[in-house]
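Throughout, this note's numbering is defined as the position within the sequence shown, counted from one, plus 243.
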Amino acid sequence: MLFVYPLTKHPEKLSATTSISAKKKPSSLRQVWETDTLLRTPESVLYEPSENVLYVSNINGNGAVKDGNGFISKLTLEGQITTLEWATGLNAPKGMGISGNKLFVADIDRLVMFDLGSGAILKSYTIAEPVYLNDITVGESGIVYVSDNRNDKIYYLRNDSLQIFMEGESLQRPNGLYIEGNKLAVGSQKNNALQIIDLDSKKITKITDGLGASDGVEPAGRGAYFFSDWNGRVFWISSKGEKKLLLNTTAAKVNSADIEYISSKKLLFVPTFNGNTVVAYRVR
244 MLFVYPLTKH PEKLSATTSI SAKKKPSSLR QVWETDTLLR TPESVLYEPS ENVLYVSNIN
304 GNGAVKDGNG FISKLTLEGQ ITTLEWATGL NAPKGMGISG NKLFVADIDR LVMFDLGSGA
364 ILKSYTIAEP VYLNDITVGE SGIVYVSDNR NDKIYYLRND SLQIFMEGES LQRPNGLYIE
424 GNKLAVGSQK NNALQIIDLD SKKITKITDG LGASDGVEPA GRGAYFFSDW NGRVFWISSK
484 GEKKLLLNTT AAKVNSADIE YISSKKLLFV PTFNGNTVVA YRVR
C-alpha cells in the first residue's frame, strides 16, 4: 500500500463508504498541484498510508516492450518527487497493489513482488503465454488480482502461484480493477463499460457504458466509483449507473491513466501518461 488490505489495494479504502458523506455525488474537481516532468510515461498512482507517500509506475517507453527501462517513483502528497527511481528492474510497469509489506507490480507478462522497505525485487511470477498484465487490486487475505486486458482474463495469486481466476469474452478486455467485499469492479475496454463481478458466482453485471478507454477504477463512497478514460476523462459513477463527467482534458491531449483516490483527504491523483506528470485534484 506491516499492512493487511482485506478489501482493496490499500487500507485507506476501507472507509470509502463515507468518503462523500454530505452529498450523493461530487460537483467538480479543483487542481491542487502538478508534478514536474521528470516522470516518464507515468501509468499508475498508489497511496501508501503508513509513510503517507505515493508510488508511481513509470513505463518509460513502449508499454508492450521488454526494454528494462521501467521504474517506480516515490512522491509526497504535495507533489514532490522524493525518489525518482525508487525501484528498478522493470520493463513497462503499470498497475500496483500492496499486500502486507510487499508491493506488487504488473509488468507485461509478469507480476513482480518488491519489498516495501528497500525497493528490492523479492520474486517474479511470469506467465509463459502471451499476456498483457495491466491493473492490480488486493482482496481479502491479501489475494492479488491482475487483469490481462488483451486476452480477456483475470489472474490471481494464490498459494504462491499465479492462476487464472476468470476468463472469457464477457470480460470485454478487462483493465482497471477494484475489489470490495465479494464484488470486483472491472473497467472493460472493449465495451467501454464498468462491470461488477460477483466473486462467488462469477456473475457479471454491467453498471454503465460509454466510458471510453477504461483505465482506473476507484471507490467514491456509497457504492459509487471514480473511473478514468485513458484519453483524458474522469467520471463519477453511482451504484445504479448514473454518471457525471468531472474532468475532460482530451482537447489538450492530456491523458488520464490509472487514478488513485484518498477518501479522507478528498484527493484524486491522475497520471498524465504522455504528459509525464501526476496531477492532484480536490474533489468538491
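Idealized CB from N, CA, C, for every residue including glycine.
Residue pairing from DSSP leaves glutamine 415 without any beta-bridge partner. According to the DSSP assignment, serine 316 belongs to the beta strand (DSSP E) that extends over 313-319. A residue is called buried once 16 or more other Cβ atoms fall within 10 Å of its Cβ, and valine 387 is buried on that count.
A straight line joining the alpha-carbon of threonine 520 with that of serine 316 spans about 12 Å. Glutamate 277 and threonine 284 have their C-alpha atoms roughly 15 Å apart. Secondary structure at asparagine 517: helix, using DSSP grouped into helix, strand and coil. Here glutamate 372 carries a coil assignment [DSSP, helix/strand/coil]. In this structure, tyrosine 375 sits near alanine 307, with a CB-CB distance shorter than 8 Å. By a beta-carbon distance limit of 8 Å, leucine 320 contacts leucine 297. Their separation comes to about 7 Å.
By a beta-carbon distance limit of 8 Å, aspartate 501 does not contact glycine 382. Their separation comes to about 18 Å. Between lysine 486 and the set Leu437, Gly475, Ile447, the nearest pair of CA atoms involves Leu437. Counting along the chain, the unbroken beta strand (DSSP E) around aspartate 458 starts and ends at 457-464.
The three-state secondary structure of glutamate 503, taken from DSSP, is strand. A distance below 8 Å separates the beta carbons of glycine 340 and isoleucine 379. For lysine 345, the uninterrupted beta strand (DSSP E) segment begins and ends at 345-350. Contact between asparagine 435 and glycine 455 is confirmed by a C-beta separation of about 6 Å, below the 8 Å threshold.
Taking the C-beta atoms as reference points, serine 431 is found nearer than 8 Å to serine 457. The DSSP-derived three-state label of glutamate 383 is helix. Between the alpha carbons of leucine 511 and alanine 467 lies a gap of roughly 14 Å. Measuring C-alpha to C-alpha distances from leucine 282 to each of Ala463, Asn394, Asn301 identifies Asn301 as the nearest.
Collapsing the DSSP output to three states places tryptophan 473 in coil. Looking from the CA of lysine 396, the closest CA among Asp403, Ser384, Gln415 belongs to Gln415. In the three-state scheme derived from DSSP, where H, G and I count as helix and E and B as strand, serine 404 is classed as strand. Take the alpha-carbon of serine 471 and the one of serine 413: they are about 21 Å apart.
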